[in-house]
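Under this note's numbering, residues 22 to 510 are what the sequence shown spells out, in order.
Cβ atoms here follow ideal geometry from the backbone N, Cα and C, with glycine treated the same way.
A short worksheet on the structure shown next.
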Amino acid sequence: MELKKPVLIGLGILGAIGIGYVIYWDYMRQNNREFRKKLKRDRKKAEKLRQAAAEVAKDRITAFIKKAVDEVSKESFPTDVAAKEKYFMDQVSNGETLLAEGKEHHLDAALCFYKALKVYPNPVELIMIYQKTVPEAVVNVIYEMMSFEVKKNKAEYFENFPPKDMNVRVGDISESSPMGDIRRGLFATKDFWPGDVIFDEQPIASALDPDLETGDYCSYCLKELSGDPISDDTDLFEAVYCSKTCHEKAMSEYATLLFTNRDKTDTESKESQLVHLVKSGNVKYPLMIARFLAKMVHEETQKVITGEEEEYSTWDHIERLRFLNVPTNDKEINEIKLLRELFAAKVPGMEEFISDERYLMLKGKLMYNSFGISTTREIRKERENSKEMVRTSESSVIGAGFYRVASYMVHSCDPNIMIKFPNRNNVISIVATKPIKAGEELRTSYINVGHRNLESRRNELDSKWRIRCTCSKCLSEESTTEQSSTEKN
Ligand SMILES: [Zn+2]
Ligand SMILES: [Zn+2]
């Protein structure tokens, strides 16, 4: 078939249009792809710029927070009530003025509000007021300042504690620990001669062996009683005190809170159950934990009442101390349950605070660190010591004390200090028994060394504290035993 000319032209036009279409679409597609790519690139660029800006802003905020908290920590704050009030009002009003001046003054405003917190009697309450009245971003900066302050204080703890007048510092010991952790020890900061008192220290918590409550020793300071002791008919423990001061201290620090129910006939009360648990087992650590927790509550309440805060809380002090891993057995489960129930009715939140883990850790710390206390002038009657472990080189003790600083002393079978209770109460005194140079480590004996051989000492140290002693005495005895055994062969 022969196609006519117009048809051919027509087909040609159609074809051209078709090709044109294809070219057009391809062009468009290409262009679109390029366009999309460009869009993506731009978006990424913008995102990067935004991120960089955010990072710069974050770095600027962090730097500001660090500098501000450092400076505030060096500032001395007013102490009397009127001056505190004035300082507080000034800071808050400065903060409000800065807020009103716009976003670029937000950091300075946050600093004013943070400073106001420093003198306000109830910081938690003030934070809640800030949450309602101050922009969220500013409240977040205040939070970051507070958390930076906590971190800073923790890092600086051993620079500030123990206080310089105690003549010791806490430092790392180079010898490796079988547990693979850093071991800390106590080092003298000046020279001492035998007989010199290096430091005295009050305990965080102490208690008599429970079979001795009711009798010859002060329930609070553990002093042997003479003259007219103070007793209290309503006391479930039937505890006695050496003085009015000890009685009052015991009441305000723990006894009032622990023994709200003082009905002796109510044997089902948690209070009676605690007394029974402690006395029937002659175990003081559950009681010391109860006293410790009550004291923490007392500390917090005092903070609110007086507006004065110690640099470190009792909890800060015990946090770094070593502890034994106490397995959870029926005895411990029972103790935890009882303490939770005892506190639940008295202090909101305490039931949750006394977790299994926290209780066992506290108990492990008491077991590892407590020193046996002996205040008796002479051992007057034969009695069996409580079975609970304590550090002591005496054959008989009447109770135990848990100390912030003395706890750091590591064991040696050949110690350079001795433990004394010169006031015949729970104040421990660390006395040099050898010449000690500044920088030298202080070592105490956790056990009664006497004439015991290496094996017997090592068994006790390992079974109780899980330590293997490598003091000079142990090492020299080890080499002589090795020598004599090779000679035998
Ligand atoms: Zn006393
Ligand atoms: Zn040794």
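**Prompt:** Taking the Cβ atom as the reference point for each residue, do L482 and C492 lie within a distance shorter than 8 Å?
**Reply:** As a working mapping, residue 482 is identified with position 461 in the sequence shown. As a working mapping, residue 492 is identified with position 471 in the sequence shown. Taking 8 Å as the Cβ cut-off, L482 and C492 do not qualify as a contacting pair.
**Request:** Answer with buried or exposed for T396, where buried requires no fewer than 16 other C-beta atoms within 10 angstroms of its C-beta.
**Result:** Locating residue 396 in the sequence shown gives position 375, counting from the first residue. By the beta-carbon neighbour count (other beta carbons within 10 angstroms, threshold 16), T396 is buried.
**Message:** Taking the beta carbon of L463 as the centre, do at least 16 other beta carbons fall within 10 Å, making it buried, or is it exposed?
**Reply:** Within the sequence shown, residue 463 is the residue found at index 442, counting from 1. Under a 10 Å Cβ-count criterion, L463 is classified as buried, with 16 or more other Cβ atoms of the shown protein chains found around its own Cβ.
**Message:** Quick test of your reading: L257 and E234, contact by CB under 8 Å. State the CB separation rounded to the nearest angstrom.
**Reply:** As a working note, residue 257 is residue 236 in the sequence shown. As a working note, residue 234 is residue 213 in the sequence shown. Going by Cβ atoms, the distance from L257 to E234 rounds to 10 Å, so no, they are not a contact pair.
**Item:** Three-way DSSP call (helix, strand, coil) for L24 in this model
**Value:** For the purposes of this step, residue 24 is identified with residue 3 of the sequence shown, where counting begins at 1. Low local confidence applies: a pLDDT of 49 at L24 is under 50, so the model's placement there is unreliable, and no value is given.
**Asked** Applying the criterion that 16 or more other CB atoms from any shown protein chain within 10 Å of the CB defines a buried residue, is P348 buried or exposed?
**Response** Residue numbering aside, residue 348 sits at position 327 when the sequence shown is read from its first letter. Per the 10 Å Cβ criterion, exposed.
**Message:** Determine whether the beta carbon atoms of R312 and Y275 lie at a separation below 8 Å.
**Reply:** As a first step, residue 312 is located in the sequence shown; it is residue number 291 there, counting from the start. As a first step, residue 275 is located in the sequence shown; it is residue number 254 there, counting from the start. Cβ atoms of R312 and Y275: closer than 8 Å.
**Asked** Which first and last residues belong to the alpha helix (DSSP H) in which E441 is found?
**Response** As a position in the sequence shown, residue 441 is number 420, starting the count at 1. In the sequence as presented, Glu is not what sits at residue 441; that position holds Lys. Element bounds for K441: not the alpha helix (DSSP H) but the beta strand (DSSP E), I438 to K441.
**Message:** Using a 10 Å radius around the Cβ and a threshold of 16 neighbouring Cβ atoms, would you call F442 buried or exposed?
**Reply:** Here residue 442 is taken as the residue at index 421 of the sequence shown, counted from 1. With 16 or more Cβ atoms within 10 Å of its Cβ, F442 is classed as buried.
**Prompt:** Going by the beta-carbon positions, is the gap between F213 and V189 smaller than 8 Å?
**Reply:** Residue numbering aside, residue 213 sits at position 192 when the sequence shown is read from its first letter. Residue numbering aside, residue 189 sits at position 168 when the sequence shown is read from its first letter. Taking 8 Å as the Cβ cut-off, F213 and V189 do not qualify as a contacting pair.
**Request:** Inspect the CB distances between the segment 466 to 474 and the segment 238 to 252 and report whether three or more fall short of 8 Å.
**Result:** The segment 466 to 474, when compared against the segment 238 to 252, does not touch it at the 8 Å Cβ threshold.
**Request:** Would you mind listing the alpha helix (DSSP H) stretches within the segment 442 to 492 that are 4+ residues and don't spill past its ends, in chain order?
**Result:** 475 to 486
**Asked** Using CA coordinates, which residue listed in V325, A89, R341 and E409 is at the minimum distance from E170?
**Response** Locating residue 170 in the sequence shown gives position 149, where the first residue counts as 1. When C-alpha distances from E170 are compared across V325, A89, R341 and E409, the shortest belongs to A89.
**Request:** Identify which residue in N52, A67, K95 and A209 has its Cα closest to the Cα of A512.
**Result:** Beyond the ends of the chain as shown, which are 22 and 510, falls residue 512; an answer cannot be given.
**Own chain partners of S466 with C-beta closer than 6 Å, once the 5 adjacent residues on each side are dropped** = For the purposes of this step, residue 466 is taken as the residue at position 445 of the sequence shown. Same-chain partners within the cutoff: S414 and P436.
**Asked** Could you give the distance in angstroms between the alpha-carbon of L359 and the alpha-carbon of Y380?
**Response** If you number the sequence shown from 1, residue 359 lands on position 338. If you number the sequence shown from 1, residue 380 lands on position 359. The straight-line gap separating the alpha-carbon atoms of L359 and Y380 is approximately 12 Å.
**Request:** State the Cα-Cα distance for the pair D217 and Y151, rounded to the nearest angstrom.
**Result:** Looking up residue 217 in the sequence shown gives position 196. Looking up residue 151 in the sequence shown gives position 130. Their backbone Cα atoms lie some 53 Å apart in a straight line.
**Request:** Report buried or exposed for H268, applying the criterion of at least 16 other Cβ atoms within 10 angstroms of its Cβ.
**Result:** Sequence index remark: in the sequence shown, residue 268 carries index 247 (1-based). That one is buried.
**Request:** Please name the residue, chosen from M166, S417 and D377, that lies closest to K354 on a Cα-to-Cα basis.
**Result:** On the sequence shown, residue 354 is found 333 positions in, with the first residue counted as 1. Here residue 354 is Ile; the residue named in the question, Lys, does not match the sequence. It is D377.
**Request:** Please say whether A137 and M166 have beta carbons closer to each other than 8 Å?
**Result:** Numbered from 1 along the sequence shown, position 145 holds the residue referred to as residue 166. Numbered from 1 along the sequence shown, position 116 holds the residue referred to as residue 137. Taking 8 Å as the Cβ cut-off, M166 and A137 do not qualify as a contacting pair.
**Own chain residues within Cβ distance below 7 Å of G393, not counting five before or after** = On the sequence shown, position 372 is the one that residue 393 refers to. Excluding residues within five positions, the ones whose Cβ falls inside 7 Å are V411, R412, T413, E415, V418 and A421.
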